[in-house]
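Residue numbers (this note's numbering): 5 to 695.
Written out as structure tokens, the structure reads:
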């Protein structure tokens, strides 16, 4: 027989012995596991039974204590609570002991019978909630009728405890002794099994050592071949590894994987485990199906590359300095065929971060160029006078915001007052920018609002939390300077000034109404009258109020066409604005025929925002509830958007009206309409402003 044949025979023999020992060890471990499980259960029941022995005596002592409290007319609530706690603990432990079947059913039934009788005497004592004492002018504090009944129940229960507590303890002690005996026997058997398992393991270890020593000569050549392969894998810059039919990585892989994935344990790792924390589960499932297709003989490999789901994967990893960074990887798959078909799938991984970042920079540059073009088109459509007026207003508003941020503040309340002021100014400016279709400015102001909202969500504020706002405000000021410069250049290119609109505010609101209808998927007719007669003193106030109320109608008021149909209303809603001279001043009416305002909905929103308490909400009538819509921070919107959700829109309206010395009222019919009536005092130029 040749040396190879001798080696093969010895190898088969060693495998057979090892398999037999492994089976024996497995059987021993299985039996040991069962014994350990039983032992664990017995020990748990033993502890439970031991603990139960103390409860009958403890309950008796607590009954005696309760009786003494009643005799000396002391407060007995704590003693009764302690009694109830002891009874509850006994019930819980006894149920656990009953649930663990240990062959003591008869004894457990006797214990249960005695305890139920005891329970029937104790339950009325524990459930007593009347006043046990009354005060008498002649006898002092004496037992009430309920107290005397309670004292009698306590006495009966105490006598029962004195007569039967020892019997209960005796039964529980018997169960404890039997469980202790069973646990000791199980421990002895478990030690024997463990000893047998250790001996089998030693024999198996000796057989394995002999097998390893015998195989060392045959593995030396294989190691040399593997070393040469490792030299190659250490030098390539791409990651390479082989996947078997079970999607597991083979023993050969390139060192570049270590740098890409920040791990070293690739051999035998499943492809799923490699990527489960790096890509979404849906993408990983698609990748698994893609690899399965590669194992099919009919799949065309070149065509398969076009549907590779891992052609670009974003991951976040720590670099050599421990700083997290984002990288982009590209996976390519190639089949490795043998005489009997496909043997492996070769996967190559390349770091394409530079290419992806360059592509994104190009896309960002293109996006910025498009945004600049959109802004330029929007500015060309905007009336120059209105544009310059808005830019002046925005400059003044941002200077005010800067002044608010510079105000000294030390407490959390002072910081939050600053945030409220910032949010009002930003919301007002954003509304006017959106009305003029200056979307780049509106979006930047919305981003500033998001930062303010993030600050408001913090548990405690400090000056450091305002630093991102300062940086974003600087960006906003730079953008406004750019817009103003473009506006100046546009003014120079116009040969003649554009004719001023007959009613510029109405035109602005009509444009804004059309844009809001498109944004929110709604339809309405906008009617405005009398806005050309707004006195210059109130021009900005009226404009700010109407912008906020129009956005409010778009989000909360006018319903979608489908919903209006279901409510037997016209698909096209109606929003109307009217400004006129009234008695002793001016009136501004704003009305929509939308969903109206439900007082209960307003109160629920105020409760969610913690603006009112439950008791305050319950005491509010409809009028008081409607007044809540002007409270800062209240919004009934489901989330934050460009037009709603901050809880400052109607607050801005109310503050503008109060600053002008006016009043605002609201009337509504849920499901039918909402009407705002604003009154403003007369001005010196009233006669010339309104015909």
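C-beta atoms are modelled at their ideal positions from N, C-alpha and C, and glycine is treated no differently.
With a cut-off of 8 Å on the beta carbons, I'd call residue i and residue j a contact; round off their distance for me.
{"i": "residue 507", "j": "residue 536", "result": "4 Å"}
{"i": "residue 451", "j": "residue 445", "result": "That pair is no contact at about 11 Å."}
{"i": "residue 670", "j": "residue 553", "result": "Not confirmed; about 10 Å, so no contact."}
{"i": "residue 177", "j": "residue 61", "result": "Actually they do not touch by this definition, with Cβ atoms about 12 Å apart."}
{"i": "residue 295", "j": "residue 265", "result": "That belief does not hold up - the Cβ atoms of residue 295 and residue 265 are roughly 18 Å apart, past 8 Å."}
{"i": "residue 29", "j": "residue 209", "result": "Actually they do not touch by this definition, with Cβ atoms about 11 Å apart."}
Roughly how many whole angstroms lie between the Cα atoms of residue i and residue j?
{"i": "residue 502", "j": "residue 493", "result": "Below a pLDDT of 50, predicted positions are generally treated as unreliable, and residue 502, at 48, falls in that range; the measurement from the model is reported next regardless. So the two alpha carbons sit approximately 15 Å from each other."}
{"i": "residue 183", "j": "residue 175", "result": "13 Å"}
{"i": "residue 606", "j": "residue 630", "result": "7 Å"}
{"i": "residue 198", "j": "residue 36", "result": "7 Å"}
{"i": "residue 327", "j": "residue 263", "result": "14 Å"}
{"i": "residue 76", "j": "residue 99", "result": "36 Å"}
{"i": "residue 419", "j": "residue 467", "result": "8 Å"}
{"i": "residue 541", "j": "residue 662", "result": "14 Å"}
{"i": "residue 356", "j": "residue 330", "result": "11 Å"}
{"i": "residue 674", "j": "residue 621", "result": "19 Å"}
{"i": "residue 297", "j": "residue 316", "result": "19 Å"}
{"i": "residue 216", "j": "residue 223", "result": "10 Å"}
{"i": "residue 249", "j": "residue 348", "result": "7 Å"}
{"i": "residue 282", "j": "residue 291", "result": "13 Å"}
{"i": "residue 513", "j": "residue 672", "result": "23 Å"}
{"i": "residue 627", "j": "residue 570", "result": "29 Å"}
{"i": "residue 213", "j": "residue 207", "result": "10 Å"}
{"i": "residue 19", "j": "residue 254", "result": "24 Å"}
{"i": "residue 680", "j": "residue 594", "result": "5 Å"}
{"i": "residue 471", "j": "residue 402", "result": "16 Å"}
{"i": "residue 491", "j": "residue 666", "result": "35 Å"}
{"i": "residue 52", "j": "residue 189", "result": "19 Å"}
{"i": "residue 239", "j": "residue 369", "result": "37 Å"}
{"i": "residue 391", "j": "residue 433", "result": "13 Å"}
{"i": "residue 463", "j": "residue 469", "result": "12 Å"}
{"i": "residue 16", "j": "residue 221", "result": "17 Å"}
{"i": "residue 65", "j": "residue 72", "result": "10 Å"}
{"i": "residue 522", "j": "residue 267", "result": "51 Å"}
Skipping 5 residues on each side, what residues in its chain have a beta carbon closer than 6 Å to that of residue i?
{"i": "residue 579", "result": "528, 530, 557 and 596"}
{"i": "residue 360", "result": "332"}
{"i": "residue 465", "result": "416 and 419"}
{"i": "residue 21", "result": "211"}
{"i": "residue 604", "result": "none"}
{"i": "residue 140", "result": "146"}
{"i": "residue 488", "result": "395"}
{"i": "residue 115", "result": "175"}
Quick one: residues in its chain with C-beta nearer than 8 Å to the C-beta of residue i, no 5 flanking neighbours on either side, listed in chain order?
{"i": "residue 676", "result": "597 and 600"}
{"i": "residue 237", "result": "244, 256, 257, 258 and 259"}
{"i": "residue 252", "result": "272, 273, 274 and 275"}
{"i": "residue 691", "result": "A caution first: residue 691 carries a pLDDT of 44, below 50, which makes its placement in the model unreliable, though a value can still be read off. Within the same chain, residue 691 has no close Cβ partners at all."}
{"i": "residue 134", "result": "148, 150, 151 and 154"}
{"i": "residue 615", "result": "632, 635, 637 and 638"}
Just to confirm my understanding: we take residue i, look at its own chain, exclude 5 residues before and 5 after, and list those with CB closer than 7 Å. What are they?
{"i": "residue 694", "result": "For residue 694, the pLDDT reaches just 40, beneath the cut-off of 50, and the residue's location in the model is therefore unreliable, although a value from the coordinates is still provided. Result list for residue 694: 537 and 585, in chain order."}
{"i": "residue 588", "result": "686"}
{"i": "residue 67", "result": "87, 158, 161, 162 and 165"}
{"i": "residue 308", "result": "297 and 298"}
{"i": "residue 413", "result": "419 and 422"}
Is the separation between the beta-carbon of residue i and that of residue j shorter than 9 Å?
{"i": "residue 660", "j": "residue 549", "result": "yes"}
{"i": "residue 583", "j": "residue 575", "result": "no"}
{"i": "residue 405", "j": "residue 430", "result": "yes"}
{"i": "residue 683", "j": "residue 668", "result": "yes"}
{"i": "residue 473", "j": "residue 449", "result": "no"}
{"i": "residue 157", "j": "residue 129", "result": "yes"}
{"i": "residue 122", "j": "residue 172", "result": "yes"}
{"i": "residue 278", "j": "residue 399", "result": "no"}
{"i": "residue 102", "j": "residue 180", "result": "no"}
{"i": "residue 132", "j": "residue 84", "result": "yes"}
{"i": "residue 709", "j": "residue 618", "result": "Because the chain in this structure spans residues 5 to 695, residue 709 falls outside the shown range and cannot be described."}
{"i": "residue 351", "j": "residue 481", "result": "no"}
{"i": "residue 94", "j": "residue 137", "result": "no"}
{"i": "residue 475", "j": "residue 409", "result": "no"}
{"i": "residue 340", "j": "residue 242", "result": "no"}
{"i": "residue 261", "j": "residue 287", "result": "no"}
{"i": "residue 194", "j": "residue 31", "result": "no"}
{"i": "residue 555", "j": "residue 435", "result": "yes"}
Would you check if there are 3 or more beta carbon pairs closer than 8 Å linking the segment 558-569 to the segment 602-619? no
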